[in-house]
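I have placed the structure first, in the form of structure tokens, so that the comments after it can refer back to it.
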Amino acid sequence: MSEGRGPAVETKLETTGLHVWFGDRHALRGVTLSLLAGKTVAFIGAAGSGKTALLRSFNRLHDLDPRARMHGSVKLDGAEILGRGIDVLALRRRVGMVFTRPTLIAISIFDNVAFGLRAKGVADRLALEERCERALRRAVLWETVSAKLDRPATELSMEQQQRLCVARALALEPEVMLFDDPTAALDPVAGLALEEVIMPLRRDFTVLIATNNLEQAARLSDTTCYLANGEVVESGETPLVFSRPSDRRTEDFLAGRPPGQP
Amino acid sequence: MARPWERLFIALARLCAWCVILTPFGVISVIVIAAVAGQQQPDRVVFLGNLVVELFATLFVAIAAALAGASIGVGSGLLTRELLSARAARPFMLACDLLSAFPAVVLGWFGALLVLPALAGQAALAVFVGATVVVTIAVIPRSYSIASRLLGTVDAEVRASAAAAGAGPARIAAHVTLPAVRPRVVGIYLDAFSRAVGEAAAVTVVFLAAARAGYPVALFTIPSTIMTHARTAQIIDAGIAQAALAVLALAAISKTVASRRIGDVRWV
Amino acid sequence: MGLSAPSSPAKSDTFRERDSLVVAAAYAAGAAVAAAAVAIGVGLAAYGWKDVAWVLSAAGSQSVLRALGMTAIIVITALPVTVSVALFAAAAANDTSIGGITGPAVRESIQWSSGIPPVVVGLAVFFCTIVVRGDQAVVAAVAALVLLNLPNAAARLAQAFGTVPRDAREAAAAVGASPTASYFALVQPAAAWAVAAAVFSLAAQMVGETSAVAVAVSASDAPEPLSVQIWHYASNISMAGTEAAACIVLVATIAMLTGVARACARRNIGATR
């Protein structure tokens with residue numbers, strides 16, 4: 000995807016011949032990609048095409064699944080992140096992730112945002128408060144929750160919970176943000192509101208978003224990558240992919256046609 | 000990278016995991032060594048013959064109790080979860096809770112004092128029926144508990160769609176819920192067998208009470224023989240160890256198959 | 000292919016009959032359970048109620064209070080050992096990042112090892128006491144209870160930890176929390192009530208355990224725990240009243256522990272909602 004962007008823009012993430020298996024299921028089949036720093040990339044494709052599997056390769060979340068196996072190469076800033084001897088915890092602090100459904104991992108709103116910082120070893124209450132406030136402000140949640148940080152996070156609406164998850168990831172000041180279909184569990188209005196939160200993040204982070212919502216991909220991303228059956232079918236600048244797809248399969252997918260039909 | 004205390008925690012967790020993995024092997028090893036190297040008692044030279052007969056007695060009690068106990072457990076689970084309202088089900092649930100609070104000795108006391116006299120006049124068969132009754136009662140709470148949890152795994156939307164199609168609770172239970180869990184229900188019977196085949200305390204009380212009351216009982220089940228013999232023998236008796244291995248194999252195999260059949264059901 | 004008349008004689012539809020059969024069988028099962036519970040409960044009350052105060056105050060070798068004390072000593076010793084080992088093992092079983100290869104091995108092991116009959120475990124301990132010529136009844140009973148309950152306890156605690164949603168663990172990992180940090184900050188607090196429920200339910204099981212303990216302490220003449228003492232005299236019909244009273248004490252103790260376990264489990268359900 001670095002084609003045509005000029006040498007001034009550095010590559011942030013790079014995969015070469017990346018394969019992922021879940022037991023017998025071959026989820027990714029030799030994916031080779033180069034993702035530029037500071038850009039927003041949307042991964043689109045049918046369910047089971049490998050979007051989530053690809054995102055989880057960038058922060059090694061597959062390590063948590065005993066059935067998952069990875070093979071190939073994934074580089075962050077030119078350094079290999081697969082294989083042994085990698086500090087996976089440090090990697091995950093550099094590559095934040097927001098999941099499809101809001102995942103609350105502590106009782107109170109504050110503890111949720113501070114969870115990653117505390118796991119990193121930040122113990123100073125003032126530092127925690129300051130960084131949590133900054134993260135909540137970026138997630139456009141501070142005004143709503145500042146007076147009730149000790150209240151249970153379950154009291155928030157679904158959309159607010161998802162923003163809380165964004166804040167939790169942002170609190171660690173990552174370099175890359177992964178969004179795994181973050182609006183899928185929300186109603187259209189809440190989904191658009193969350194997009195408003197993601198939009199400004201594009202300026203400061205490399206954002207990768209897997210989505211089933213084609214309009215969302217078109218609105219948010221600089222480049223789009225279409226996956227089918229664990230393979231990258233086509234990738235390029237978003238307006239180009241959406242207006243003049245070079246592969247018939249991409250065209251079929253965007254038109255909502257079953258593959259191969261006229 | 001992991002901090003020192005984290006490494007210590009992981010090391011301890013793995014050590015304890017090995018303890019759990021090796022514990023059953025330790026128990027089995029002791030029994031196997033005793034079966035091979037233990038003393039052969041002169042008066043038990045016909046032990047293998049006895050073992051076969053006792054094995055039949057054990058299987059008779061265990062199979063009958065497992066069939067009855069698991070059926071009652073599954074039926075009660077169906078009644079309380081599917082057919083009755085929460086309020087109407089409460090007395091039955093309370094009865095199951097009460098049964099689960101009765102340890103084996105209490106069931107033995109019940110069998111000796113109330114079941115055996117009720118079966119008087121049937122000679123040796125009455126003793127085995129009495130033993131089967133108490134073992135049946137012993138397996139009911141666990142079968143009920145597993146059945147309730149299994150029935151709870153059926154998707155609520157499946158029930159709702161059946162109800163939307165006009166089915167009442169009885170029809171949903173008979174044609175939706177029960178068929179959905181049927182393959183796993185076999186596991187409940189196997190689990191009940193695994194529990195019943197090793198039951199010793201309750202059965203021993205019934206047999207000893209029968210012997211005191213003058214019933215012509217010369218034969219015990221294997222677990223009850225082990226329980227009564229250990230105290231009197233005070234030696235490492237190879238015959239008893241061999242008998243224990245037979246029960247162990249039956250219980251462990253049926254338990255393994257049961258666990259695989261039942262799958263994952265929440266206990267806590 | 001159109002619809003055609005069946006070549007075989009038409010079978011009657013048994014749809015409704017099956018409904019009735021299932022309902023009748025379920026009610027019969029419920030009635031059987033209720034009858035058994037009532038029969039045992041009424042039997043115990045009728046024979047033993049008036050003797051409860053007497054057996055609790057009686058002295059001598061058949062003292063219920065002394066036996067209950069022995070039960071308490073054994074359970075209070077065996078329970079922390081079992082729970083500590085099982086807690087660590089459950090952490091290993093629940094998260095392969097902590098347990099490594101032992102995780103799947105523990106899960107596989109507890110599937111069958113919880114099926115080992117108590118009498119066999121007791122026999123193994125009894126043989127060991129003969130080999131070491133020990134007559135320490137407490138040690139033998141504790142060993143039997145620990146060995147018997149370890150797989151069961153590990154299974155229950157692993158399930159308690161399993162009540163914490165996988166999503167939450169992944170989210171914790173995604174913000175760089177180590178498996179150990181996740182365990183202490185996320186899994187343990189979330190599963191606290193479930194763990195408490197498992198511990199009390201385990202205690203109830205240990206109090207009622209008879210065959211493993213009875214066989215394990217066979218080499219000793221020391222005072223016995225309550226369940227074993229009842230087992231000794233339960234077959235003697237002439238002592239039906241006093242044994243029923245002792246049974247009431249034992250059942251009350253177990254019911255109390257089970258009740259606490261259930262209360263904890265209910266709080267856990269409330270907490271995870």
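Chains as they are written, first to last, in numbering that gives the first Met the number 0: chain Y, 0 to 261; chain C, 0 to 267; chain V, 0 to 272.
Virtual Cβ for every residue (Gly too), placed ideally from N, Cα, C.
In angstroms with no decimal places, state the Cα-to-Cα distance between residue i and residue j.
i, j, result
"C/Gln241", "Y/Phe21", "45 Å"
"V/Ile75", "C/Val184", "37 Å"
"V/Pro79", "V/Val194", "13 Å"
"Y/Val94", "Y/Leu200", "14 Å"
"C/Phe8", "C/Val157", "44 Å"
"C/Gly167", "V/Arg17", "13 Å"
"V/Ser237", "V/Asp50", "14 Å"
"Y/Leu88", "V/Val174", "8 Å"
"C/Ala137", "C/Gly37", "33 Å"
"Y/Asp187", "Y/Leu60", "The sequence given here places Pro at residue 187 of chain Y; Asp does not occur at that position. Their backbone Cα atoms lie some 28 Å apart in a straight line."
"V/Ala264", "V/Thr257", "10 Å"
"V/Ser56", "V/Arg65", "10 Å"
"C/Ser84", "C/Ala169", "12 Å"
"C/Val44", "V/Ala152", "Low per-residue confidence applies at C/Val44: pLDDT is 43, beneath 50, and the placement is therefore not dependable, though the value from the model is reported in the following sentence. So the two alpha carbons sit approximately 40 Å from each other."
"C/Leu218", "V/Ala251", "34 Å"
"Y/Ala26", "Y/Asp179", "16 Å"
"Y/Ser72", "V/Thr179", "28 Å"
So, helix, strand or coil for residue i, using DSSP?
i, result
"Y/Ala227", "strand"
"C/Gly262", "coil"
"V/Gly114", "coil"
"C/Thr220", "coil"
"V/Thr209", "coil"
"V/Asp134", "coil"
"V/Glu223", "coil"
"C/Gln38", "strand"
"C/Thr255", "helix"
"C/Val138", "helix"
"C/Ser84", "coil"
"Y/Ser234", "strand"
"C/Asp236", "strand"
"Y/Pro151", "strand"
"V/Thr162", "coil"
"C/Thr152", "coil"
Span of the beta strand (DSSP E) holding residue i?
i, result
"Y/Ser72", "Ala67 to Leu75"
"Y/Glu13", "Thr10 to Phe21"
"Y/His25", "Arg24 to Leu35"
What first and last residue would you give for the alpha helix (DSSP H) that runs through residue i?
i, result
"V/Trp48", "Unbroken run through V/Trp48: none, as it is neither H nor E."
"C/Tyr188", "Leu177 to Val196"
"C/Gly110", "C/Gly110 -> no alpha helix (DSSP H), and no H or E assigned at all."
"C/Phe206", "Ala200 to Arg211"
"V/Ser181", "Pro178 to Ser181"
"V/Pro275", "Here chain V covers residues 0 to 272 and nothing more, so residue 275 of chain V does not appear."
"Y/Phe252", "Arg247 to Ala254"
"Y/Thr298", "Residue numbering for chain Y in the displayed model covers 0 to 261; residue 298 of chain Y lies beyond these limits and cannot be assessed."
"C/Ile171", "Pro168 to Ile171"
"Y/Arg136", "Arg124 to Arg137"
Kindly provide the ranges of any alpha helix (DSSP H) runs that are 4 or more residues long and lie completely inside the region 169-213 of chain Y, ordered along the chain.
187-200
Can you find at least 3 beta carbon pairs, one from the region 59-74 of chain Y and one from the region 21-31 of chain Y, that sit closer than 8 Å?
yes
Would the region 175-194 of chain V count as touching the region 55-66 of chain C if we require 3 or more Cβ pairs under 8 Å?
no
Every unbroken beta strand (DSSP E) inside the region 40-114 of chain Y [3 residues or more]:
Entirely contained in the region 40-114 of chain Y, the beta strand (DSSP E) runs reaching 3 residues are, in chain order, 67-75 and 94-97.
Quick check: the region 215-227 of chain Y against the region 35-44 of chain Y, are at least 3 beta-carbon pairs closer than 8 Å?
yes
Is the region 104-112 of chain Y touching the region 47-60 of chain Y, taking contact as three or more C-beta pairs under 8 Å?
Three or more Cβ pairs closer than 8 Å define a contact, and the region 104-112 of chain Y falls short of that threshold against the region 47-60 of chain Y.
Report yes or no: do the region 128-137 of chain C and the region 205-218 of chain C share at least 3 C-beta pairs separated by less than 8 Å?
yes
Evaluate contact between the region 96-103 of chain Y and the region 161-168 of chain Y, counting only Cβ atoms and requiring at least three cross-stretch pairs below 8 Å.
Touching, per the Cβ criterion.
When you compare the region 124-141 of chain V with the region 200-217 of chain V, are there three or more beta-carbon pairs, one atom per stretch, that lie closer than 8 Å?
yes
Does the region 12-29 of chain C come into contact with the region 86-95 of chain V, if we say contact requires no fewer than three beta-carbon pairs (one atom in each stretch) closer than 8 Å?
yes
Between the region 27-34 of chain C and the region 93-110 of chain C, do at least 3 Cβ pairs fall closer than 8 Å?
Contact fails between the region 27-34 of chain C and the region 93-110 of chain C, because fewer than three Cβ pairs, one in each stretch, are under 8 Å apart.
How do the region 99-106 of chain V and the region 14-25 of chain C stand: do at least 3 beta-carbon pairs fall below 8 Å, yes or no?
yes
Would you call the region 149-167 of chain V and the region 65-74 of chain C in contact, with 3 or more CB pairs under 8 Å?
no
Contact between the region 80-95 of chain C and the region 134-152 of chain C is defined here as three or more beta-carbon pairs at a separation below 8 Å; is this criterion met?
yes
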